[in-house]
Amino acid sequence: MSENSNNHTMPVQEFEYKAEMKQLLDLIVHSLYTHPEIFLRELISNASDALSKVRFNALTDQDIIDRETELAIRINIDSKELTFVIEDSGVGMTEEELIANLGTVAKSGTLGFMQALKEQQQELDGNLIGQFGVGFYSVFMVTDEVTVETRSARPGSDGYRWRSSGQGTYTIEKIDKAERGTKISFKLKEASKEFAEEYRVEQIVKKYSNFVDFPIYLDKKQLNSITALWQRSKNELKEEEVNEFYKFIANDYQNPLDYLPVSVEGMVTFKALLFLPTEAPPEMLYRQGDLENRGPQLYVKKVLIQQECRDLLPEYLRFIAGVVDTEDLSLNVSREVVQSSPVLAKIRQILTGKILGWFETLAQEQPEKFRTFYKAFGPVIKIGLNTDFTNRDKLIELLRFESTKTEVDEYVTLKAYSERMGADQKEIYYHSGTSRAQLLAHPNLEYFQNMGIEVLLLSDPVDVFVIPSIHEYNKKPLKSIEKADIDFSKQKKETEKDKPLAGNLLKPVLKLFRETLGEGIEDVIESHRLVSSPVTLVSGKDGLDSQMEKMMKMMKSDMPAGKRILEVNTSHPIIRNLAGMIMANENNPLIRTAMKQLYEGALLLEGGLDSPTAFLSRMNELIEAATLSR
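Rendered as structure tokens:
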């Protein structure tokens with residue numbers, strides 16, 4: 001039992017943080033000390049969210065407490081006592097909401113993400129913390145104990161006091177609190193006493209929170225300049241102001257890569273200010289989520305209706321941050337109405353077209369900026385090919401690829417590739433793999449390199465699912481160089497050493513290869529694509545590209561491997577020597593051993609060798625035979 005400040009004896013309940021919450025608190029408190037100032041940004045951000053919610057609720061609910069109270073954030077500090085208080089007149093919290101919001105990890109995967117950064121010995125950047133819904137806890141960087149007093153805006157609600165030292169437990173008690181909203185108070189550590197100084201608080205507010213949509217008062221002085229930048233024309237926007245606005249709404253610490261003001265009047269009327277981030281968001285980078293729940297903020301007549309409106313853009317464009325403000329929706333619009341609204345569908349259609357046009361303009365006028373954008377978001381843009389059929393042609397024109405004729409980190413478009421194709425080249429060729437170096441070293445590329453034919457190099461995992469769906473560009477089919485049905489009739493003039501085996505020598509070689517490899521292979525044929533390698537594996541006409549098969553097996557482990565075709569370079573010295581050994585004694589066990597080794601070497605090159613032990617044992621056997629023969 002404990003006695004509260006109102007002299008009423010009321011029970012104090014003690015709660016224990018869940019295990020992952022304790023770990024998270026420990027990571028935050030001990031790893032973010034280089035960015036302690038962000039605690040204020042996070043507390044202001046939370047207060048702003050609470051005020052936005054109560055403003056929205058007031059549109060439809062006549063019974064909320066203190067309807068006429070000013071929507072504001074108030075900060076009070078005492079530089080002598082080192083006390084810090086931040087209070088808002090927002091939506092407040094019930095006891096259940098206190099436990100849910102302040103007692104558990106806000107987003108799944110947060111702890112794993114933080115720990116992964118720590119294990120990689122990367123600094124746990126304080127600028128990331130708010131993106132994972134745990135910003136409140138950054139207050140423990142500057143204090144040893146924090147008190148939260150809150151009352152929900154719901155009629156008949158009670159006041160509650162939450163208190164914790166961040167050491168593993170927290171307490172909640174019922175209190176008398178007349179006004180709705182939330183008040184957070186604490187005493188600063190000696191090392192953090194700078195945050196009890198007026199100039200420092202003002203500096204932080206202007207740096208991080210200048211565009212909060214509600215007044216922020218320090219004592220009676222307003223610190224922020226509330227302004228709806230998206231309502232201004234493009235020539236009225238100042239770059240520094242736009243950058244700070246982006247940082248605020250996107251919770252990012254970097255400047256945006258670029259921004260796009262939009263003003264539309266006609267069938268629908270709206271204004272927007274959209275931003276292209278410099279880097280992909282953490283959930284994309286660390287595969288701990290996707291873009292499903294992202295999207296620009298939706299405003300109606302300058303009132304925030306939805307923080308992340310997923311219906312404003314197709315999923316593959318939801319990395320775009322920003323604000324969209326329309327007068328064509330009612331202020332009390334519900335999420336269900338938003339989802340089915342023809343107004344929003346039209347805004348989405350117009351925005352998508354303008355954004356894709358924006359990307360194309362960047363590609364033409366600012367290629368370096370476009371390159372930065374494409375490296376970060378190219379994989380997501382490609383996904384749009386299979387989901388946004390209306391804009392498919394525009395998306396295809398945005399695609400960029402490395403090729404055998406580009407330098408590292410340089411790209412070619414399908415248009416540029418098709419324009420520099422030889423007159424007798426009928427197909428656009430591509431090669432899929434894990435890296436540029438691995439692709440360039442693959443035997444299947446030898447013919448194309450030898451003939452000077454450009455091949456697109458696809459090392460992005462998304463490519464194998466997306467590029468085959470294009471089928472053709474400018475009436476030229478896209479074809480994997482692994483396919484066995486490619487026309488290799490065009491060849492350079494043969495030298496004496498390049499001449500293939502005569503038919504009477506070739507047939508026994510192919511026959512013995514087929515017998516040796518048995519059911520594991522679809523066929524063994526003479527190759528016309530190989531120049532310097534003895535064998536290679538290719539897909540049949542209807543078979544899967546090897547990289548596609550590998551990706552499919554990762555998703556479905558019990559998927560059976562498809563049979564491949566082994567192509568044999570009949571002008572290669574190894575194959576010529578095997579032909580001679582067969583003529584001398586086709587029962588020589590070394591012949592079959594060499595054939596198995598050649599086949600498994602081709603598998604190894606593709607990452608499909610399941611039995612490296614047998615491969616090494618066979619290699620030692622061949623080395624032993626080679627050394628004995630000398």
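Residue 58 in this note's numbering is what sits at position 58 of the sequence shown, and the numbering runs on without skipping anything. By construction, the Cβ of each residue, glycine as well, lies at the ideal position given by its N, Cα and C atoms.
Would you decide whether residue i is buried or exposed? Buried here means 16 or more other CB atoms lie within 10 Å of its CB.
i: L124; result: Because the pLDDT at L124 is just 48, under 50, the model does not fix this residue reliably, and the value given afterwards should be weighed accordingly. Classification of L124: buried, given that the 10 Å Cβ count is 16 or more.
i: K247; result: buried
i: Q13; result: exposed
i: D176; result: exposed
i: I226; result: exposed
i: A420; result: Looking at the sequence provided, one finds Arg at residue 420 rather than Ala. The residue in question, R420, is exposed, as its Cβ has fewer than 16 Cβ neighbours within 10 Å.
i: Q306; result: buried
i: P367; result: exposed
i: D219; result: exposed
i: V509; result: buried
i: T627; result: exposed
i: L27; result: buried
i: S233; result: exposed
i: G181; result: buried
i: V212; result: buried
i: S480; result: buried
i: M583; result: exposed
i: Q364; result: exposed
i: D409; result: exposed
i: G607; result: exposed
i: L385; result: buried
i: Q297; result: buried
Going by the CB atoms, is the gap between residue j and residue i shorter than 7 Å?
i: F275; j: A228; result: no
i: F359; j: L312; result: no
i: T60; j: S89; result: no
i: F186; j: V146; result: yes
i: Y208; j: R41; result: yes
i: S539; j: E586; result: no
i: I383; j: Y316; result: yes
i: R348; j: R318; result: no
i: I86; j: I184; result: yes
i: R618; j: Q597; result: yes
i: T570; j: E624; result: no
i: G433; j: L440; result: no
i: P379; j: S192; result: no
i: S435; j: S459; result: yes
i: E202; j: L223; result: yes
i: D144; j: S165; result: yes
i: L102; j: Y160; result: no
i: L257; j: F373; result: yes
i: T406; j: V412; result: yes
i: F39; j: V139; result: yes
i: A58; j: I64; result: yes
i: M595; j: F465; result: no
i: L505; j: A579; result: yes
i: L362; j: K354; result: no
i: Y170; j: F56; result: no
Hey, residue i and residue j are a contact pair by Cβ (cut 8 Å); roughly how many whole angstroms apart?
i: Y217; j: R74; result: 5 Å
i: F633; j: Y447; result: One cannot answer for residue 633 here, as it falls past the ends of the chain, which runs 1 to 630.
i: V323; j: Y299; result: 6 Å
i: L517; j: L566; result: 7 Å
i: K22; j: G168; result: 5 Å
i: F401; j: L457; result: 7 Å
i: A250; j: F377; result: In fact, because the Cβ distance is near 14 Å, the residues do not count as touching under 8 Å.
Return no unless some Cβ of chain C is closer than 7 Å to the Cβ of residue i.
i: E37; result: The structure shown has no chain C; it contains just one protein chain.
Check: Taking the runs of the beta strand (DSSP E) that are 3 residues or longer, which of them lie wholly in the region 220-272?
Finding: Runs of the beta strand (DSSP E) spanning 3 or more residues and lying entirely within the region 220-272 occur at 258-264, in chain order.
Check: If you pair each beta-carbon of the region 151-160 with each one of the region 189-201, do three or more pairs fall below 8 Å?
Finding: no
Checklist line | Any 3 or more C-beta pairs closer than 8 Å across the region 423-442 and the region 451-467 | finding: yes
Checklist line | the region 46-57 contacting the region 90-100, beta-carbon criterion three pairs below 8 Å | finding: A contact exists between the region 46-57 and the region 90-100.
Next item on the list: Output the residue ranges of the alpha helix (DSSP H) runs that lie fully inside the region 371-453 and measure 4 residues or longer, sorted by chain position.
Entry: 392-398, 414-419, 436-440, 446-451
Note to self: Does the region 320-329 come into contact with the region 260-272, if we say contact requires no fewer than three beta-carbon pairs (one atom in each stretch) closer than 8 Å?
What the structure shows: yes
Checklist line | Any 3 or more C-beta pairs closer than 8 Å across the region 530-538 and the region 592-609 | finding: yes
Checklist line | Minimum length 4: unbroken alpha helix (DSSP H) runs contained in the region 134-175 | finding: none
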